[in-house]
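K.L.:
The opening residue of the sequence shown carries number 67 in our numbering; numbering runs sequentially from there.
Ideal Cβ placement from N, Cα and C applies to all residues, glycine included.
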Amino acid sequence: MQGFLSGAQGGSVARAILESKKFAVRAVTRDVTKPNARALRDLGAEVVKGDLDDKASVDDALKGAYGAFLVTNFWETFNKDKEVQQGKLVADTAKRLGLKHVVYSGLENVKRLTGGKLEVPHFDGKGEVEEYFWSLGIPMTSVRVAAYFENFLTAWKPEKASDGDHYTLALPMGDVPMDGISVTDVGPAVSSVFNSPEEFLGKAVGLSAEKLTIQQYADVLSKVLGKEVRDAKITPEAYEKLGFLSAKEVANMCRFYQMKPDRDVKLTHRLNPKVKSFSQFMSENQGAFKDL
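(1) Given a cut-off of 8 Å on the beta-carbon distance, is the pair E196 and Y233 in contact?
(2) What three-state label does DSSP hand E315 in the structure shown?
(3) State buried or exposed for S201, treating a residue as buried only when at least 16 other CB atoms are found within 10 Å of its CB.
(4) Considering only residues of the same chain and omitting the five flanking positions on each side of I300, which have a CB-CB separation below 8 Å?
(5) Who are the near neighbours of R107 in its chain, counting only those whose CB is closer than 6 Å to its CB and skipping five residues on each side?
(6) Thinking C-beta only, is L109 closer than 8 Å to F322?
(7) State the start and end residues of the unbroken beta strand (DSSP E) segment that holds A157.
(8) Rounded to a whole number of angstroms, what is the C-alpha to C-alpha distance between E264 and V98?
(9) With contact counted as at least three CB pairs below 8 Å, one residue from each stretch, are the segment 163-182 and the segment 213-226 in contact?
(10) Using only the alpha-carbon positions, how far apart do I83 and V316 sit?
(11) Check V295 in the structure and name its three-state DSSP category.
(12) Give the range of the beta strand (DSSP E) segment to which R178 is assigned.
(13) Identify whether R336 lies in helix, strand or coil by the three-state DSSP scheme.
(14) To which residues does DSSP link D245 through a beta bridge?
(15) Between which two residues does the beta strand (DSSP E) carrying H167 extend?
(16) Considering only the beta carbon of each residue, do I172 and G203 sit closer than 8 Å?
(17) With 16 other CB atoms within 10 Å as the buried threshold, where does G116 fall?
(18) Report yes if the CB atom of S345 is closer than 8 Å to the CB atom of V249, and no otherwise.
(19) According to DSSP, is E406 part of a helix, a strand, or is it coil?
(20) Under 8 Å between C-beta atoms, does K269 make it to chain D?
(21) For the beta strand (DSSP E) containing V137, name the first residue and the last one.
(22) So, are the CB atoms of D245 and K277 less than 8 Å apart?
(23) In three-state DSSP terms, what is K115?
(24) Is T220 helix, strand or coil by DSSP?
(25) Taking 6 Å as the limit between beta carbons, can you name the residues of its chain near E211, skipping five residues before and five after?
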């Protein structure tokens, strides 16, 4: 068994599979000296150097494996074509080597689903790779992970309102609930998918701990931080104009989320009975807000 590791998600999956003791784990990473890689080695993983841009390297990584977990990282290069190229290389290799079960961290091809009306490159590339896996007939499960709760500690941190003593949470979701999950809870769910191939081969599975409106996320933040946080009620149009690098991308992602893609809270809780709610997650990560 192997996990292709890309940071947090891959690490979470590798740890969960090691804990379940059903498979041996070969963790593939570009930098084997990183603390995360060393920690996995201490837990019993074989940690090997690998590069998703290099055919021979992918070959070595997958040789002799029962299956693989693959996650590609759009945010490293902001380059959808590169992400698709990496995914297709792994698919071709998995096909050639006859892997029995690939779990791919995929997402919907929004551009295709909306007839070109919306483009969300970090979804669309994964959607293309997912479609490519299916087209080759590889035994695959796609797990489509909801928005990370971790984003609320960084990019989506509440900001001080310009007019008063409260804070605002700016995400253009209107009143439509948005699915979320902690990245640490993805691993045990994926481990369960590997342990039940008969149920999950050939399927796409949407992972989500819970669905909350932006105001409900704000209410949890208020309670945990002891400061009033409100939904900024920002529109996707206004969000696009915020001018940071991926503003349009996030606005379009939220437009897609408003179409309610399939994320299955009940199934996620069955796959990982210990999955954390947003409230639990925030209580555990209060420290991230000490400078607020």
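P.N.:
Quick look at the numbers:
(1) Your numbering for residue 196 matches position 130 in the sequence shown. Your numbering for residue 233 matches position 167 in the sequence shown. Taking a C-beta distance under 8 Å as the contact criterion, E196 and Y233 do not qualify as a contact pair.
(2) Translated into the one-based positions of the sequence shown, residue 315 becomes position 249. The three-state secondary structure of E315, taken from DSSP, is helix.
(3) Stepping through the sequence shown from its first residue, residue 201 is reached at position 135. Residue burial is scored here from C-beta neighbours: S201 has fewer than 16 other C-beta atoms within 10 angstroms and is therefore classed as exposed.
(4) Within the sequence shown, residue 300 is the residue found at index 234, counting from 1. Around I300: A236, L237 and P238.
(5) In the sequence shown, residue 107 corresponds to position 41, counting from 1. Within the same chain, and ignoring the five residues on either side of R107 in sequence, the residues whose Cβ sits closer than 6 Å to its Cβ are V113.
(6) Within the sequence shown, the letter at position 256 stands for residue 322. Within the sequence shown, the letter at position 43 stands for residue 109. It is not a contact, given that the beta carbons lie outside the stated cut-off.
(7) Locating residue 157 in the sequence shown gives position 91, where the first residue counts as 1. Note, A157: premise wrong, no beta strand (DSSP E); alpha helix (DSSP H) at K146 to L163.
(8) Working through the sequence shown from its first residue, we reach residue 264 at position 198. Working through the sequence shown from its first residue, we reach residue 98 at position 32. Distance from the CA of E264 to the CA of V98, rounded to the nearest whole angstrom, comes to 34 Å.
(9) Taking 8 Å as the limit for Cβ pairs, the verdict is that the segment 213-226 does not touch the segment 163-182.
(10) Residue mapping note: residue 83 aligns to position 17 of the sequence shown, counting from 1. Residue mapping note: residue 316 aligns to position 250 of the sequence shown, counting from 1. Computed Cα separation, rounded: 32 Å.
(11) Stepping through the sequence shown from its first residue, residue 295 is reached at position 229. Reduced to three states, the DSSP call for V295 is strand.
(12) Position 112 of the sequence shown, counting from 1, holds the residue named residue 178. Unbroken run through R178 is the alpha helix (DSSP H), V176 to L179; no beta strand (DSSP E).
(13) Here residue 336 corresponds to residue number 270 of the sequence shown, with the count starting at 1. Helix, per DSSP.
(14) As a working mapping, residue 245 is identified with position 179 in the sequence shown. As DSSP reads the structure, D245 sits in a beta bridge with K277.
(15) For the purposes of this step, residue 167 is identified with residue 101 of the sequence shown, where counting begins at 1. Here the beta strand (DSSP E) through H167 covers H167 to G172.
(16) As a working mapping, residue 172 is identified with position 106 in the sequence shown. As a working mapping, residue 203 is identified with position 137 in the sequence shown. According to the sequence as given, residue 172 is Gly; it is not Ile. Note that the C-beta distance between G172 and G203 is not below 8 Å.
(17) In the sequence shown, counting from the first residue as 1, residue 116 sits at position 50. Classification of G116: buried, given that the 10 Å Cβ count is 16 or more.
(18) Here residue 345 corresponds to residue number 279 of the sequence shown, with the count starting at 1. Here residue 249 corresponds to residue number 183 of the sequence shown, with the count starting at 1. No, the Cβ-Cβ distance between S345 and V249 is not below 8 Å.
(19) The structure shown has nothing for residue 406, since the chain only spans 67 to 358.
(20) As a matter of chain content, chain D is missing from the structure shown, which is built from one protein chain.
(21) In the sequence shown, the residue the question calls residue 137 occupies position 71. Element bounds for V137: n/a, residue is neither H nor E.
(22) As a working note, residue 245 is residue 179 in the sequence shown. As a working note, residue 277 is residue 211 in the sequence shown. Cβ atoms of D245 and K277: closer than 8 Å.
(23) In the sequence shown, residue 115 corresponds to position 49, counting from 1. K115 sits in a strand when the DSSP states are folded into three classes.
(24) Position 154 of the sequence shown, counted from the first residue, corresponds to residue 220. T220 falls in the coil class under three-state DSSP.
(25) Looking up residue 211 in the sequence shown gives position 145. Looking at the sequence itself, residue 211 is Val, so the reference to Glu does not match. Same-chain partners within the cutoff: V252 and L273.
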